[in-house]
Amino acid sequence: MQSGVSLSPWALSRRVPEVIKQIGECFALNTSNSQELVNKLKLVDYKLLQKLSNLFQLLQYLAYDPRYGLVYGPVIEPEHDNAFFTKKSHHLLVEGKFSKVPCIVGFNTLEVSVDFHSTQFIKK
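The sequence shown: position 54 = 54 (full-length UniProt numbering), numbered continuously.
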């Protein structure tokens with residue numbers, strides 16, 4: 001098992017609601033209702049939303065250690081019929097609430113690395 005396992009510190013986002021609210025405020029979308037905010041953000045031009053989202057992600061990584069949760073990712077949600085994560089993963093594992101599937105164990109030499117030589121990172 002590698003960095004993609006649910007027990008990795010970054011596997012659970014801890015600041016998503018706060019970050020999304022701040023992004024909404026940049027578009028003058030002030031609401032405490034998360035579903036209303038999502039619906040309004042869907043009306044924003046995706047290119048502008050992506051640029052702002054990337055900026056917020058960078059700022060969050062400068063301010064907070066990503067090992068304590070990536071900016072965008074899974075969050076613990078309230079109990080409802082379609083809820084996916086309602087508890088922290090280690091609690092779900094202890095309670096046996098996970099899919100029993102075959103496991104691949106291995107390693108790689110480039111864990112958490114980025115190919116900075118890729119042309120997508122080189123500004124021409």
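Beta carbons are placed, not taken as given, at the ideal position from N, Cα and C, and that holds for glycine.
Query raised in the report: Would Val-71 be called buried (16 or more neighbouring beta carbons within 10 Å of its own) or exposed?
Result: By the neighbour-count rule (16 or more Cβ atoms within 10 Å), Val-71 is buried.
Report task. Tell me the start and end of each unbroken alpha helix (DSSP H) in the UniProt domain "Carboxylesterase type B" (1–114) that is at least 4 residues and wholly inside, in chain order. Result -> Counting whole runs of 4 or more residues, the UniProt domain "Carboxylesterase type B" (1–114) contains the alpha helix (DSSP H) stretches 16–26, 34–41, 46–63, 89–94.
Requested in this report: Compare the C-beta of Asn-30 with all C-beta atoms of chain C and state if any pair is closer than 8 angstroms.
Outcome: Included in the structure is just one protein chain, with no chain C present.
Query raised in the report: Taking the C-alpha atoms as reference points, what is the distance between Leu-7 and Leu-110?
Result: Spanning the two alpha carbons is a distance of roughly 20 angstroms.
Query raised in the report: Is Ser-13 near Gly-73, with beta carbons less than 8 angstroms apart?
Result: Their beta carbons are under 8 angstroms apart, which means Ser-13 touches Gly-73 by this criterion.
Query - Member of Ile-104, Tyr-46, Ser-89 whose CA lies at the smallest distance from the CA of Trp-10 - result: Closest by alpha carbon: Ser-89.
Query raised in the report: Can you give the Cα-Cα distance for Leu-58 and Asn-39, rounded to whole angstroms?
Result: When rounded, the distance between both Cα atoms is 24 angstroms.
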